[in-house]
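What follows is one structure encoded as structure tokens, with my remarks underneath.
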Amino acid sequence: MSDNRTVAVLGPIPRDRIITHRGETFEKYGCVIYTVAALSALMGPDDRICPVVHVRKEDAGPITELLSAFPNVDTSGIRSRHDHGDVVELNYVDQNVRIERQVGFMDPILPEDVEFVLDADAFVCVPITDYEVGQSTLAYIKAHSDGLVLLDGHGPTNALTSEGQRFHRMWVDRDAWLPNVDILKMNLEEAACSWFPPTAGPDGPTFGATPSRADLTEFASHCLGKGVQAVAVTLDEEGCVVYFLDANGGLREEVVGRVPVEHVVDTTGCGDSFAAGMAFGYLEHRDFVAACRYGNAMGAQRCAGSDLAIYRSLIDTRHQMQSAYGEFAVGAV
């Protein structure tokens, strides 16, 4: 990535209480923090990473202090004037499945919140609940910026009960969002909430089931037809699969294998880290497969430890990728 790039990161910085599948307990700030830290490790000292987030007043100081360790991070987009921010409890029942409860709620990110960073080369949107980064904000970015928009599907496929329990929801207004998204990133559960073809069996359609590879291909083809440039679906320990159109307009499907992790400590934030790696990788190489390799590498780094120092430099990340994928893992340089 050349000098003087700007990447905006939109989403919450929740105060997380995490109980891992091994019974360990962590309390820390999450979501956007992981994306920003991963980008900071990959990007240069003259680049600029701008988190755009609303937080509680009591969290503003500690969050700003935490991010002050990253010299290429601009914290001017962290706002606390409304004193609203996310507070989340995450209880893992196994390595990849967790029970979530949200007890604090940030204000949504609105068009006026992104005015200061419309010159960004990329907007990495990592909402955890459906209201945090809305369709109107993405539409505003698309209308007023040339920056790449990457959306994590976790936000629009998750909602809250009146008691704060988080649950999956069908992304029924999906097609209104897609024209404002360049890269759509999600996991299998989120993909299951996003694809509801009209065909039905004798008992009606089955929604929410784990999508087959054929389902994913059909879903991705639909998204690409609505203007999305690439759809990446993470497959847990199997890496991810990415769909995009080739130079002749044909559908390409590429499985990008995982980056091995010797000991998994905490998977919280792996998706947020993947989003950081994919956005960086695409800006660096303009290649979706190379982008997913960066995504897998940053996700693997994240789950190997519990603190932000776990992320590796660009040089070390490329060595990690070459070990996993071979000498030409990062594409043309």
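When we follow full-length UniProt numbering, the leftmost residue of the sequence shown carries the number 1, and every step to the right adds one. Built from N, CA and C at the ideal position, the CB exists for glycine as well.
Assuming residue i and residue j form a contact by the criterion Cβ under 8 angstroms, report the distance between their Cβ atoms to the nearest whole angstrom.
{"i": "residue 154", "j": "residue 193", "result": "Actually they do not touch by this definition, with Cβ atoms about 10 angstroms apart."}
{"i": "residue 150", "j": "residue 275", "result": "6 angstroms"}
{"i": "residue 229", "j": "residue 182", "result": "5 angstroms"}
{"i": "residue 14", "j": "residue 30", "result": "5 angstroms"}
{"i": "residue 187", "j": "residue 239", "result": "That belief does not hold up - the Cβ atoms of residue 187 and residue 239 are roughly 12 angstroms apart, past 8 angstroms."}
{"i": "residue 224", "j": "residue 241", "result": "Not quite, the Cβ-Cβ distance comes to about 14 angstroms (not below 8 angstroms), so this is no contact."}
{"i": "residue 74", "j": "residue 48", "result": "5 angstroms"}
{"i": "residue 148", "j": "residue 279", "result": "7 angstroms"}
{"i": "residue 121", "j": "residue 7", "result": "6 angstroms"}
With a CB to CB cut of under 6 angstroms and the five nearest residues on each side skipped, what residues in its chain are close to residue i?
{"i": "residue 106", "result": "12, 54, 84, 85 and 86"}
{"i": "residue 282", "result": "291"}
{"i": "residue 252", "result": "244 and 246"}
{"i": "residue 273", "result": "34, 38, 298, 299 and 302"}
{"i": "residue 324", "result": "259"}
{"i": "residue 64", "result": "75"}
Please classify residue i: does DSSP put it in a helix, a strand, or coil?
{"i": "residue 76", "result": "helix"}
{"i": "residue 248", "result": "coil"}
{"i": "residue 144", "result": "helix"}
{"i": "residue 209", "result": "coil"}
{"i": "residue 319", "result": "helix"}
{"i": "residue 178", "result": "helix"}
{"i": "residue 184", "result": "strand"}
{"i": "residue 240", "result": "strand"}
{"i": "residue 190", "result": "helix"}
{"i": "residue 234", "result": "strand"}
{"i": "residue 262", "result": "coil"}
{"i": "residue 254", "result": "strand"}
{"i": "residue 271", "result": "helix"}
{"i": "residue 226", "result": "coil"}
{"i": "residue 280", "result": "helix"}
{"i": "residue 196", "result": "coil"}
{"i": "residue 327", "result": "coil"}
{"i": "residue 221", "result": "helix"}
{"i": "residue 333", "result": "Per-residue confidence for residue 333 stands at a pLDDT of 37, beneath the threshold of 50, marking its modelled position as unreliable; the derived number appears in the next sentence. In this structure, residue 333 counts as coil in the three-state DSSP scheme."}
For the alpha helix (DSSP H) that contains residue i, what are its first and last residues?
{"i": "residue 289", "result": "288 to 303"}
{"i": "residue 10", "result": "Not the alpha helix (DSSP H): residue 10 falls in the beta strand (DSSP E), residues 6 to 10."}
Taking residue i as part of the beta strand (DSSP E), name the residues at either end of that continuous run.
{"i": "residue 339", "result": "The structure shown does not extend to residue 339, since the chain is modelled only from 1 through 333, so no value can be given for it."}
{"i": "residue 170", "result": "Element bounds for residue 170: n/a, residue is neither H nor E."}
{"i": "residue 308", "result": "Run containing residue 308: none; DSSP gives neither H nor E here."}
For residue i, collect the residues of the same chain with a Cβ closer than 8 angstroms to its Cβ; drop the 5 residues on either side in sequence, then sort them by chain order.
{"i": "residue 305", "result": "265 and 266"}
{"i": "residue 332", "result": "For residue 332, the pLDDT reaches just 43, beneath the cut-off of 50, and the residue's location in the model is therefore unreliable, although a value from the coordinates is still provided. Correct list, in chain order: 285 and 287."}
{"i": "residue 320", "result": "259, 297, 300, 301 and 312"}
{"i": "residue 62", "result": "29"}
{"i": "residue 289", "result": "242, 254, 256 and 331"}
{"i": "residue 263", "result": "304"}
{"i": "residue 72", "result": "40, 43, 44, 45, 46, 47, 48 and 49"}
{"i": "residue 261", "result": "300, 303 and 304"}
Quick one: what's got a C-beta closer than 7 angstroms to residue i's C-beta in the same chain, skipping five residues either side?
{"i": "residue 160", "result": "102, 129 and 166"}
{"i": "residue 157", "result": "168, 169, 171, 190, 193 and 194"}
{"i": "residue 98", "result": "90, 91 and 92"}
{"i": "residue 132", "result": "11, 12, 106, 108, 109 and 155"}
Checklist entry - At which residue ranges does the region 25 to 81 contain complete beta strand (DSSP E) runs of 3 or more residues, listed in the order of the chain? => result 25 to 29 and 48 to 54
Q.
Restricting to runs no shorter than 3 residues, where is the beta strand (DSSP E) found entirely within the region 83 to 167?
A. 87 to 92, 98 to 104, 122 to 125, 148 to 152 and 158 to 160
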